[in-house]
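Reading through the structure tokens given below for one structure.
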Amino acid sequence: MRFRRANVRSAPFSAPKSRPDAKFTAQTDALADIGSLEAYTEWMKNLLTPLPDGTAEVRSFAVDEDRHNVAVHGVFRGTHTGEGGPVPPTGRSAAADYVYVMDFDGDKIAHMTTIWNDTFTLCQLGWT
1 MRFRRANVRS APFSAPKSRP DAKFTAQTDA LADIGSLEAY TEWMKNLLTP
51 LPDGTAEVRS FAVDEDRHNV AVHGVFRGTH TGEGGPVPPT GRSAAADYVY
101 VMDFDGDKIA HMTTIWNDTF TLCQLGWT
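Counting in UniProt numbering, the sequence shown runs from 1 upward without gaps.
Have a look at this one:
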């Protein structure tokens, strides 16, 4: 199995390289109701409405050929200047570390787990 970085770097915002039935899990309250990768990508796109300057910086990228997965550590940054959040724009910024672990079936993502401290991020933004 061979992984290309371009296949997974775009995964948080669009999942063209995922199976249509790809699953999603996260142990965070903010994502508790999301069970598919498709729903997560829509959630991330919608997050860019209240955080229009949102960016994701990949800090580390690891491939585990034996387990058919990829782990990505990154930092998501954004400032709440747009409408659509749980409160009116706060002007506050967040820098949130996250880890994605993507399990592959062939060359397509079959499952993705997100590790993210949503409580910390929401406090930074003034949403809690």
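Ideal Cβ positions, reconstructed from N, Cα and C, are used throughout, including at glycine. Fair warning: this is a prediction, and the values are worked out from it, not measured in the lab.
Taking the runs of the beta strand (DSSP E) that are 3 residues or longer, which of them lie wholly in the stretch 33–75?
55–64
Below 8 Å on the Cβ atoms is my contact criterion, and I expect ARG77 with GLY91 to pass it. Report the Cβ-Cβ distance as a whole number of Å.
Residue mapping note: residue 77 aligns to position 77 of the sequence shown, counting from 1. Residue mapping note: residue 91 aligns to position 91 of the sequence shown, counting from 1. Their Cβ separation, rounded to whole angstroms, is 14 Å, which puts ARG77 and GLY91 out of contact at 8 Å.
Using only alpha-carbon positions, find the residue among THR119, PHE104, THR121, PHE120 that is nearest to THR113.
The residue labelled residue 113 in the question sits at position 113 within the sequence shown. Of the candidates THR119, PHE104, THR121, PHE120, the one whose C-alpha sits nearest the C-alpha of THR113 is PHE104.
Per DSSP, what kind of secondary structure is THR79 in: helix, strand or coil?
In the sequence shown, counting from the first residue as 1, residue 79 sits at position 79. It is a strand residue.
Taking the alpha-carbon of HIS124 as reference, which of PRO89, ILE109, HIS111 has the nearest alpha-carbon?
Within the sequence shown, residue 124 is the residue found at index 124, counting from 1. For the sequence presented, residue 124 should be read as Gln rather than His. When each option's Cα is compared against that of GLN124, the closest is PRO89.
What span of residues does the alpha helix (DSSP H) with ASP118 cover, start to end?
Taking the sequence shown and counting its residues from 1, the one referred to as residue 118 is at position 118. Counting along the chain, the alpha helix (DSSP H) containing ASP118 begins and ends at 118–125.
Check whether ALA96 and THR121 have beta carbons under 7 Å apart:
In the sequence shown, residue 96 corresponds to position 96, counting from 1. In the sequence shown, residue 121 corresponds to position 121, counting from 1. Yes, Cβ-Cβ distance for ALA96 and THR121 is below 7 Å.
I'd like to confirm the pairing. Which residues does DSSP put opposite LYS17 in its beta bridges?
Along the sequence shown, one-based indexing puts residue 17 at 17. In the DSSP output, where bridge partners are listed per residue, LYS17 has none listed.
Are any of the Cβ atoms in chain B nearer than 7 Å to that of SER93?
The chain labelled as chain B is not found in the depicted structure, where only one protein chain is given.
C-alpha distance - PHE3 paired with LYS17, whole-angstrom precision
Residue mapping note: residue 3 aligns to position 3 of the sequence shown, counting from 1. Residue mapping note: residue 17 aligns to position 17 of the sequence shown, counting from 1. Residue placement at PHE3 is flagged as unreliable, the pLDDT there being 42, under the threshold of 50; a coordinate-derived value is accordingly withheld.
Just the C-alpha distance for SER36 and ARG59, rounded to the nearest angstrom, thanks.
Taking the sequence shown and counting its residues from 1, the one referred to as residue 36 is at position 36. Taking the sequence shown and counting its residues from 1, the one referred to as residue 59 is at position 59. If you take the alpha carbons of SER36 and ARG59, they lie about 25 Å apart.
ASP107 by DSSP, collapsed to three states: which one?
One-based indexing of the sequence shown puts residue 107 at position 107. In the structure shown, ASP107 sits in coil (DSSP, three-state: anything other than H, G, I, E or B).
To the nearest angstrom, how far is it from the Cα of TRP43 to the Cα of THR119?
Start at 1 with the first residue of the sequence shown, and residue 43 comes out as number 43. Start at 1 with the first residue of the sequence shown, and residue 119 comes out as number 119. Straight-line Cα distance between these residues: approximately 17 Å.
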